[in-house]
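> Mind having a look at this structure? Questions to follow.
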């Protein structure tokens with residue numbers, strides 16, 4: 003039997019996706035960070051996970067592309083993935099929505115020893131500056147990222163997060179920035195409201 007051209011399987015898949023998204027929202031909302039950064043995290047998870055909110059999502063690459071595939075809500079690769087695994091091991095924690103968003107939050111807040119091995123202390127200080135209404139230091143110059151000081155306004159905080167936390171290749175970053183920002187702005191207006 004189908005309702006609105008959707009089978010029982012379609013409804014089941016949508017229900018599971020809704021449950022995963024709810025768990026992500028709950029996890030992000032529990033973080034001690036400003037609502038703007040919560041919305042930015044949500045928007046980037048929505049983009050990175052292909053709107054699946056699947057903690058075990060494996061990146062889909064083009065046929066013949068054997069580069070390392072991203073995993074999880076933020077599609078972690080390389081050092082980010084190994085740092086996350088080390089973070090879980092130090093905390094004797096499971097891979098789940100809460101711990102993945104805690105990893106990024108703890109990085110931004112300078113907790114644990116993540117910041118020294120993730121981006122570096124300076125980048126993490128930028129996020130703490132944003133939380134206090136202060137601008138970042140001048141950043142950029144590598145991977146096609148223009149050098150600039152990011153202001154503590156939503157668009158700049160979002161751009162800083164994508165450029166340095168997500169750190170996609172230049173073409174991917176430029177092609178995805180508008181969609182990521184739209185998802186984050188929608189979350190700011192509809193999910194993480196005052």
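Numbering (the numbering used here), first residue to last: 3 to 196.
Backbone N, C-alpha and C define an ideal beta-carbon position, used for all residues, glycine too.
Computed from a prediction, not measured in an experiment: that's the story for all the values here.
Please go through the same chain and pick out, in chain order, the residues whose beta-carbon is closer than 6 Å to the beta-carbon of residue 158, but skip the five residues on each side of it.
Residue 158 sits at position 156 when you count from the first residue of the chain shown. Cβ within range, chain order: 152.
> Grouping DSSP H, G and I as helix and E and B as strand, with all else coil, what is residue 173?
In the chain shown, residue 173 corresponds to position 171, counting from 1. Note: residue 173 maps to helix in three-state DSSP.
> Spatial neighbours of residue 75 within its chain, please: CB distance less than 8 Å, with the 5 preceding and 5 following residues excluded, ordered by chain position.
Residue 75 sits at position 73 when you count from the first residue of the chain shown. Answer for residue 75: 26, 47, 50, 51, 55, 56, 57, 59, 99, 102, 103, listed in chain order.
> Tell me the start and end of each unbroken alpha helix (DSSP H) in the segment 15 to 59 that is at least 4 residues and wholly inside, in chain order.
37 to 50
> Let me know the secondary structure DSSP gives residue 141 once reduced to three states.
Translated into positions along the chain shown, residue 141 becomes position 139. Strand, per DSSP.
> Return the bridge partner residues of residue 151 from the DSSP annotation.
By one-based count along the chain shown, residue 151 stands at place 149. DSSP links residue 151 through a beta bridge to 140.
> Determine which residues share a DSSP beta bridge with residue 78 and list them.
Indexing the chain shown from 1 puts residue 78 at position 76. According to DSSP, residue 78 bridges with 73.
> For the putative contact between residue 162 and residue 186, defined by C-beta atoms under 8 Å, what is the C-beta separation to the nearest angstrom?
Numbered from 1 along the chain shown, position 160 holds the residue referred to as residue 162. Numbered from 1 along the chain shown, position 184 holds the residue referred to as residue 186. Rounded to whole angstroms, the Cβ separation of residue 162 and residue 186 is 12 Å, and the two are not in contact under 8 Å.
> From residue 165 to residue 14, what does the alpha carbon distance come to, in whole angstroms?
Position 163 of the chain shown, counted from the first residue, corresponds to residue 165. Position 12 of the chain shown, counted from the first residue, corresponds to residue 14. Residue 165 and residue 14: Cα-Cα distance of roughly 36 Å.
> Residues in its own chain within less than 6 Å of residue 176 by CB, not counting five upstream and five downstream?
One-based indexing of the chain shown puts residue 176 at position 174. If we look at residue 176 and ignore the five residues flanking it on each side, it has no Cβ neighbours.
> Keeping to the same chain, check which residues put their C-beta closer than 6 Å to that of residue 37; ignore five residues upstream and five downstream.
As a working mapping, residue 37 is identified with position 35 in the chain shown. Result list for residue 37: 194, in chain order.
> Which residue marks the beginning of the alpha helix (DSSP H) containing residue 108, and which one marks its end?
Stepping through the chain shown from its first residue, residue 108 is reached at position 106. Here the alpha helix (DSSP H) through residue 108 covers 99 to 111.
> The alpha helix (DSSP H) spanning residue 128 covers which residue range?
As a first step, residue 128 must be located in the chain shown, where it is residue number 126. That run of the alpha helix (DSSP H) goes 123 to 133.
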